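Visitor: Below is one structure. I have some questions about it.
Number of protein chains: 2
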Amino acid sequence: MKPKVLVAFKAREEDKMIIENYLSGLAEVVYLHEISQDELDKVLYDVEIILTGSGRNLTEDILSKTPNLKFIQTLSAGVNAIPFHLLNDKVVVASNAGGNARAVAEYALALILSALKKIPLRDRFMRKGIWLRRMPHELISNKIIGIIGFGHIGKELAKKLKALGAKVYGINRSGRTDLEIDCIGDPNSLDYVLSMSDIVVITLPLTKHTKGLFNMNKFKLMKSNVIIVNVGRGEVIDQKDLFEFLKKNKEAIAALDVWWTYPRELDKETFQDYPFHELENVIMSPHVAGFSPDVRKEVFEHALINIKKFLLGEEIRNVVNKLDYI
Amino acid sequence: MKPKVLVAFKAREEDKMIIENYLSGLAEVVYLHEISQDELDKVLYDVEIILTGSGRNLTEDILSKTPNLKFIQTLSAGVNAIPFHLLNDKVVVASNAGGNARAVAEYALALILSALKKIPLRDRFMRKGIWLRRMPHELISNKIIGIIGFGHIGKELAKKLKALGAKVYGINRSGRTDLEIDCIGDPNSLDYVLSMSDIVVITLPLTKHTKGLFNMNKFKLMKSNVIIVNVGRGEVIDQKDLFEFLKKNKEAIAALDVWWTYPRELDKETFQDYPFHELENVIMSPHVAGFSPDVRKEVFEHALINIKKFLLGEEIRNVVNKLDYI
Numbered sequence: 001m002k003p004k005v006l007v008a009f010k011a012r013e014e015d016k017m018i019i020e021n022y023l024s025g026l027a028e029v030v031y032l033h034e035i036s037q038d039e040l041d042k043v044l045y046d047v048e049i050i051l052t053g054s055g056r057n058l059t060e061d062i063l064s065k066t067p068n069l070k071f072i073q074t075l076s077a078g079v080n081a082i083p084f085h086l087l088n089d090k091v092v093v094a095s096n097a098g099g100n101a102r103a104v105a106e107y108a109l110a111l112i113l114s115a116l117k118k119i120p121l122r123d124r125f126m127r128k129g130i131w132l133r134r135m136p137h138e139l140i141s142n143k144i145i146g147i148i149g150f151g152h153i154g155k156e157l158a159k160k161l162k163a164l165g166a167k168v169y170g171i172n173r174s175g176r177t178d179l180e181i182d183c184i185g186d187p188n189s190l191d192y193v194l195s196m197s198d199i200v201v202i203t204l205p206l207t208k209h210t211k212g213l214f215n216m217n218k219f220k221l222m223k224s225n226v227i228i229v230n231v232g233r234g235e236v237i238d239q240k241d242l243f244e245f246l247k248k249n250k251e252a253i254a255a256l257d258v259w260w261t262y263p264r265e266l267d268k269e270t271f272q273d274y275p276f277h278e279l280e281n282v283i284m285s286p287h288v289a290g291f292s293p294d295v296r297k298e299v300f301e302h303a304l305i306n307i308k309k310f311l312l313g314e315e316i317r318n319v320v321n322k323l324d325y326i
Numbered sequence: 001m002k003p004k005v006l007v008a009f010k011a012r013e014e015d016k017m018i019i020e021n022y023l024s025g026l027a028e029v030v031y032l033h034e035i036s037q038d039e040l041d042k043v044l045y046d047v048e049i050i051l052t053g054s055g056r057n058l059t060e061d062i063l064s065k066t067p068n069l070k071f072i073q074t075l076s077a078g079v080n081a082i083p084f085h086l087l088n089d090k091v092v093v094a095s096n097a098g099g100n101a102r103a104v105a106e107y108a109l110a111l112i113l114s115a116l117k118k119i120p121l122r123d124r125f126m127r128k129g130i131w132l133r134r135m136p137h138e139l140i141s142n143k144i145i146g147i148i149g150f151g152h153i154g155k156e157l158a159k160k161l162k163a164l165g166a167k168v169y170g171i172n173r174s175g176r177t178d179l180e181i182d183c184i185g186d187p188n189s190l191d192y193v194l195s196m197s198d199i200v201v202i203t204l205p206l207t208k209h210t211k212g213l214f215n216m217n218k219f220k221l222m223k224s225n226v227i228i229v230n231v232g233r234g235e236v237i238d239q240k241d242l243f244e245f246l247k248k249n250k251e252a253i254a255a256l257d258v259w260w261t262y263p264r265e266l267d268k269e270t271f272q273d274y275p276f277h278e279l280e281n282v283i284m285s286p287h288v289a290g291f292s293p294d295v296r297k298e299v300f301e302h303a304l305i306n307i308k309k310f311l312l313g314e315e316i317r318n319v320v321n322k323l324d325y326i
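Structure, rendered in structure tokens:
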């Protein structure tokens, strides 16, 4: 009997084609949303691998019915939504870091330039007839951009920024990179990079080590006119401290694609605990950086290559250290 | 007696230093705003060269009192504000095209990415609690960008776009460029380039040939979801036709830094003849692309090198064909 792979999200026809393309002959693929309630328990019992979106829908019920589960692969780059406390020790989890890096990096660049040129602000005022003409715009070619969490997204973004003439400083766990940038350091250099950067781009995953990392102590190290871009996860920033920092430092700008509170239902009006929407020096983006039809196929392929490796007993990439999350 | 150069705008101290730096020993520099009313006629009589901002303040009075005028140099890239009908045939006019090209190109890139990722739109809605999450964002790396008026700005922009993986098509008068792009043509190829482009960037000067060039006939050639960026001059687009095109084609976006109607006084609420400010598919920018403190010095130097060449009898650049404007 071939190993069973559970696809735990609503797959489109084109998604299924990619999935079959990678796994046919190696595994039996079952689609959670197509299993009848009667068969569910029986089908789940044999599942060894789960392909999930972010892991958010992996309920206690599902996990309790999959005693043979060995491997969880996400489509998302972040795995913080996975209920790690419900997993057996033997279950390996792999993120899909890198899968949507091209899309996130390009979106981050758009946020950087929007903030640097103050385009949403000028647009909002001009719609009221007010021309913000005396407010200058600065060139990115003179700027230092600190990328905190210098991984796949950071590298893609750094290539673009270097091509535009900017200086790039990076922080990651190893303090190393194969890309030629202006400065790379490990977390011991974080405060130095924050103090030097004109623009701080956060691409960090949400782990127990990064949660609330950016608090007032960190903001105080930054330049008073810093631009903070967050395309990682909202909770790596302390919400209250960022709000107070922005309220006090009118020259600083935050361009945020990730948040603390999300809509519970689509189209339901959703605000944060603090009224960021009333601040002029915020650019609000509804967590879309990674979602581009232009990378959907490569996101799937990136995840499926890993599942195929697992099935063939080869070394898989992006294995998550579960202790970072528990 | 050394030739007299009239500086016809309010020069800052740092501007004066650059001016003296280039012209000392070659010319006598007089500052219009520092000449007393009594001396004005006498001083103007000897003026051979005028350095002006855009030429807007060259009144009939000033021009009638400068019978020895030989050369007008602007600081602005465009010269459409010069009252050409008041000039003697012998007066040579040079634009400052290229002086602020780095700033305009970077701002144009910011407008392109803002529009492609729909950042001002998402920001406006999220401030009302509405998360536009299902609206995808496309990658620029798959896009054809047509740059109409492929000169200094176009070349600077093309380098950035190529580095981001986009395809660049250009149109200029000669149909030639020394930069390697994907397609370059003369005005006979305009319609073809408009029909092929995902994004149309207009960097044209306003002349009698370009006025109203972009009318409904041109918009009809474009893709229904085209992004139109204008950093040239507002009047190269027909205002009514653009408004109607945008109102009808909700998938199209216009990101405009140049307009038809400008504020007569600073801070006076100013709208256009058509209510662009009510359209969701417009990004409104108050004509700031060229104004960056980071290029102010090079804008001045670019103009002063030309004046110095004129004084030394060397060949000057950017000489305007006055027949394009009369």
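Those protein sequences? They're chains P and S, same order as listed. The numbers in the numbering used here rise by one with no breaks, and the one at position 306 of the first sequence is 306. The numbers in the numbering used here rise by one with no breaks, and the one at position 297 of the second sequence is 297. Using N, Cα and C, we set each Cβ at its ideal position, and we do this for glycine too. Computed from a prediction, not measured in an experiment: that's the story for all the values here.
Ignoring anything shorter than 3 residues or poking outside the segment 210 to 289 of chain P, list the beta strand (DSSP E) runs there in chain order.
Guide: Listed in chain order, the complete beta strand (DSSP E) runs (minimum 3 residues) inside the segment 210 to 289 of chain P are 227 to 230, 253 to 256 and 282 to 284.
Visitor: Quick test of your reading: N100/P and V299/P, contact by CB under 8 Å. State the CB separation rounded to the nearest angstrom.
Guide: About 5 Å; that satisfies the 8 Å criterion.
Visitor: Is the beta carbon of V168/S closer than 8 Å to that of V200/S?
Guide: It is not a contact, given that the beta carbons lie outside the stated cut-off.
Visitor: Identify the residues that DSSP records as bridge partners of E28/P: which are they?
Guide: K4/P.
Visitor: Alpha carbon to alpha carbon, how far is V7/P from A254/P? Give it in angstroms, no decimals.
Guide: Roughly 37 Å between the two C-alpha positions.
Visitor: List the endpoints of the continuous beta strand (DSSP E) containing I145/P.
Guide: Per DSSP, I145/P belongs to the beta strand (DSSP E) from I144 to I148.
Visitor: Answer yes or no: does any C-beta atom of chain S fall closer than 8 Å to that of E280/P?
Guide: By this cut-off, E280/P is not an interface position.
Visitor: Closer than 7 Å by C-beta to Y31/S: which residues in its own chain qualify, once you throw out the five before and the five after it? Chain order, please.
Guide: V7 and A11, listed in sequence order.
Visitor: Could you tell me which residues DSSP pairs with L51/P in its beta bridges?
Guide: Looking at the DSSP assignment, L51/P forms a beta bridge with V7/P and Q73/P.
Visitor: Which whole-angstrom value describes the C-beta separation of L311/P and S285/P, a residue pair presumed to lie in contact below a C-beta threshold of 8 Å?
Guide: Not quite, the Cβ-Cβ distance comes to about 37 Å (not below 8 Å), so this is no contact.
Visitor: Below 8 Å on the Cβ atoms is my guess for I153/S versus V92/S; work out the distance and round it to an integer in Å.
Guide: Between V92/S and I153/S the Cβ distance is about 23 Å, and since that is not below 8 Å, they are no contact.
Visitor: Locate the alpha helix (DSSP H) running through K159/P, then write down its first and last residues.
Guide: From DSSP, the alpha helix (DSSP H) with K159/P extends over H152 to A163.
Visitor: Check the Cβ of A103/P against every Cβ in chain S and list those closer than 9 Å, keeping chain order.
Guide: Under the 9 Å cutoff, chain S gives H137 and L139.
Visitor: Among E60/P, Y107/P, A158/P and Q37/P, which has the Cα closest to the Cα of K118/S?
Guide: With distances taken between Cα atoms, K118/S lies closest to Y107/P.
Visitor: Can you pull the chain S residues whose beta carbon is under 9 Å from the beta carbon of A252/P, in chain order?
Guide: What A252/P touches in chain S: nothing, since even the nearest Cβ is about 17 Å away.
Visitor: In three-state DSSP terms, what is Y325/P?
Guide: DSSP places Y325/P in coil when its eight states are reduced to three.
Visitor: What would DSSP say about K16/S, mapped onto helix, strand or coil?
Guide: Note: K16/S maps to helix in three-state DSSP.
Visitor: Compare the C-beta of F150/P with all C-beta atoms of chain S and state if any pair is closer than 8 Å.
Guide: Answer no: the Cβ-Cβ gap between F150/P and chain S never drops below 8 Å.
Visitor: Leaving out five residues on either side along the sequence, give the residues of the same chain with a beta carbon under 8 Å from the beta carbon of E60/S.
Guide: Cβ neighbours of E60/S beyond the five flanking positions: P83 and L86.
Visitor: Given a limit of 7 Å on CB to CB distance, which residues of the segment 259 to 276 of chain S reach chain P?
Guide: The segment 259 to 276 of chain S vs chain P, Cβ under 7 Å: P263, E269, T270 and F271.
Visitor: Could you check which residue in F219/P, W260/P and W259/P has the C-alpha nearest to that of F245/P?
Guide: If we check each option's Cα against that of F245/P, F219/P comes out closest.
Visitor: Put A166/P into one of helix, strand or coil per three-state DSSP.
Guide: It is coil, neither helix nor strand.
Visitor: Determine, using beta-carbon pairs with one atom in the segment 133 to 150 of chain P and one in the segment 166 to 180 of chain P, whether at least three such pairs fall under 8 Å.
Guide: Flag = yes, the segment 133 to 150 of chain P and the segment 166 to 180 of chain P touch.
Visitor: Quick one: which chain S residues come within Cβ less than 8 Å of K160/P?
Guide: A163 and L164, listed in chain order.
Visitor: Which residues bound the alpha helix (DSSP H) around A303/S?
Guide: A303/S -> alpha helix (DSSP H) spans P293 to L311.
Visitor: Please go through the same chain and pick out, in chain order, the residues whose beta-carbon is closer than 8 Å to the beta-carbon of I49/S, but skip the five residues on each side of it.
Guide: Closer than 8 Å at the Cβ level, and outside the excluded window around I49/S, lie P3, K4, V5, L6, A27, L69, K70, F71, I72, Q73, I307, F310 and L311.
Visitor: For a contact meaning CB atoms closer than 7 Å, what does D294/S contact in chain P?
Guide: Ordered by position in chain P, the residues that pass the 7 Å Cβ test against D294/S are E138, L139 and N142.
Visitor: According to DSSP, is A81/P part of a helix, a strand, or is it coil?
Guide: Here A81/P sits in coil by DSSP.
Visitor: Taking S76/S as the query, report the chain A residues whose CB atoms sit under 9 Å from its CB, ordered along the chain.
Guide: Chain labels in this structure do not include chain A; the protein chains are P and S.
Visitor: What residues in its chain sit with their C-beta under 6 Å from that of N249/S, if we drop five residues either side in the sequence?
Guide: Result list for N249/S: S224, in chain order.
Visitor: At 3 residues or longer, and completely inside the segment 88 to 113 of chain S: list those beta strand (DSSP E) runs for me, N to C.
Guide: Counting whole runs of 3 or more residues, the segment 88 to 113 of chain S contains the beta strand (DSSP E) stretches 92 to 94.
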